[in-house]
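First comes the structure, then the notes that go with it.
There are 2 protein chains.
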Amino acid sequence: MFTRITTRQTPRSDSLRDFGLSSGSTPIIGLGEFTYRKGREIYGEKEAAEYVYQVKRGAVRSYKLLSDGRRQIGAFHLDGDIFGLENGETHRFTAEAVVKTTVRVMRRASLEVAADSDVVVWRNLLGLTTDNLQHAENHMLLLGRKTSLERVAAFLLEMDGRLSAAGVISLPMSRRDIADYLGLTLETVSRAVSQLHKAGILDFMGNTQREIVILDRQSLALLDLQN
Amino acid sequence: MFTRITTRQTPRSDSLRDFGLSSGSTPIIGLGEFTYRKGREIYGEKEAAEYVYQVKRGAVRSYKLLSDGRRQIGAFHLDGDIFGLENGETHRFTAEAVVKTTVRVMRRASLEVAADSDVVVWRNLLGLTTDNLQHAENHMLLLGRKTSLERVAAFLLEMDGRLSAAGVISLPMSRRDIADYLGLTLETVSRAVSQLHKAGILDFMGNTQREIVILDRQSLALLDLQN
DNA sequence: CGGACCATTGAACTATCTCAACTTCAGTGG
DNA sequence: CCACTGAAGTTGAGATAGTTCAATGGTCCG
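First to last, the sequence lines map onto chains V and E.
Residue 1 is where the first sequence starts when you use UniProt numbering, and the numbers rise one by one after that.
Residue 1 is where the second sequence starts when you use UniProt numbering, and the numbers rise one by one after that.
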């Protein structure tokens, strides 16, 4: 899977510091960058977790499959996000590029060496893991107890916070991806988005339905019941 | 909330080592034990996270509420489990005693002091957090994509692994708790259990329906689709 | 220009929920 | 010890949110 990793001299900038994990006194050399085409697998569930990744440009989906093909996307990783960081030996999700995606890669082993000599690294690793945990905890509430409209509203608000530029949310993922993230079908997602559109809460831009403008952020927040 | 904590001389055994987090070279003194009656709140969501807990005897539920009362239980904490460990300043769940429960308590601040002088503490904190994350990730798959029968089968297998003694699972929690953990209603949980009973996969012991014997572990595992 | 998605929408279906009745169990106080 | 009471569990019948199946149109891309 990693046979295509570039072998050129790794620039010094591809270091642990770039991941924002070390204190800077002991930068660790990374392996450089790598680009995946749309739909390509970055790593598979249960594969050995040899590398850690950071999205430089693009979007990644992390998911689990049931044996009959049902899929649950646990997270989308967007610009700047670190993913593939495991404490155990193997990956717990499959990661795929949602669109053409460039990632920074570093060896997990380097991280471990760095951690032993730098408490800041530990702190940052724990912080990252806690952020992931917090996201998962909120997502459990969404998956277990929210209605389809509430889920879609929550999704749009999440994406609004994470990737809206100049007021426009440019979704890299398909309705099917969104559905598998929200525990719904793609039709239900589509109907909910249409409903929000008809209600005047959002509008579309461009000629695709992936560019969304939120017109009424407050109504969306009301739909996604606070806890 | 902690006004009732015992003020007697804290025995040396109530130390960080008892939580299994330190390397043993720098044990940290805990605050001792505390017992909560059935249904009592141990801490509330968004409260300052001043203490960390370990279940000595009993069972605890951690949950989030939506404003209209819908509840999602994120985890049950059973004998030996550590809970209430936060990285941020506040608790992200409400924790309540499911039955009469005795916990060990230690100050969060003590942990932080210990961590700075002992990398093993960091490693253990990260390990704990990772375990929680892994559980949440698996639970997202369950909540997003599994059928009611699959959820109940998965639940019984989880509890079989965590609290079965002499082949009998003695569930401390009600059908409603189970439902709120699995993202179902209590009636649906009850029907699924009945269905498993009629199918000869499990049986009841004693005169309550909370003591369950799994007769056919393999059928249960088949029902809870592997991924 | 043709084919492969991708998204939307409608109509029928179904798993789960809701509402309600009934039973059993645990605890309380006479 | 028994009669009460309230909580917990089961089961049935009907309602419904979301799914499934199917048809249509748009967009991208060679």
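Beta carbons are placed, not taken as given, at the ideal position from N, Cα and C, and that holds for glycine.
- In the three-state reduction of the DSSP assignment, Asp79 of chain V falls in the coil class, being assigned neither a helical nor a strand state.
- No Cβ-Cβ contact shorter than 8 Å links Glu41 of chain V with Val103 of chain V.
- Secondary structure note for Gly32 of chain E: its beta strand (DSSP E) is the uninterrupted segment 32 to 36.
- Separation of Gly167 of chain E and Phe204 of chain E (C-alpha to C-alpha, rounded to the nearest whole angstrom) is 12 Å.
- Taking the CA atoms as reference points, Phe83 of chain E sits about 26 Å from Leu225 of chain V.
- Nearest C-alpha to Glu86 of chain V among V:Phe19, V:Leu222, V:Val52, V:Arg151: V:Val52.
- When the alpha-carbon of Ser174 of chain E is set against those of E:Gln54, E:Tyr36, E:Val98, E:Lys56, the nearest one is in E:Val98.
- For Asp116 of chain E, the enclosing alpha helix (DSSP H) stretches over residues 108 to 116.
- Distance check between Ile212 of chain V and each of V:Leu222, V:Gly200, V:Tyr181 places V:Gly200 closest, using alpha-carbon atoms only.
- For Leu126 of chain V against Leu125 of chain E, the beta-carbon gap comes to about 6 Å, under 8 Å, which counts as contact.
- For the segment 125 to 152 of chain E, the residues whose beta carbon sits under 7 Å from a beta carbon of chain V are, in order, Leu125, Leu126, Gly127, Thr129, Thr130, Asn132, Leu133, Gln134, Ala136, Glu137, His139, Met140, Leu141, Leu143, Gly144, Arg145.
- Neighbours of Val119 of chain E across chain V, judged by C-beta separation under 9 Å: Ala115, Asp116, Val119, Trp122.
- Taking the Cα positions, Ile214 of chain V is about 43 Å away from Ala109 of chain V.
- A residue is called buried once 16 or more other Cβ atoms fall within 10 Å of its Cβ, and Thr208 of chain E, having fewer, is exposed.
- For Ser67 of chain V, the closest Cβ of chain E is nearer than 8 Å.
- In the three-state reduction of the DSSP assignment, Lys146 of chain V falls in the coil class, being assigned neither a helical nor a strand state.
- In summary, Gly144 of chain E is buried, with 16 or more beta-carbon neighbours lying within 10 Å of its beta-carbon over all protein chains present.
- Three or more Cβ pairs closer than 8 Å define a contact, and the segment 139 to 153 of chain E falls short of that threshold against the segment 56 to 63 of chain E.
- Nearest in C-alpha terms to Thr101 of chain E, of all of E:Ser67, E:Asp79, E:Val119, is E:Asp79.
- For the 8 Å CB-CB criterion, Ala49 of chain E and Thr90 of chain E form a contact.
- Under DSSP, Ala48 of chain E forms a beta bridge with E:Thr90.
- Going by DSSP, Arg217 of chain V is part of no beta strand (DSSP E) but of the alpha helix (DSSP H) stretching over 217 to 223.
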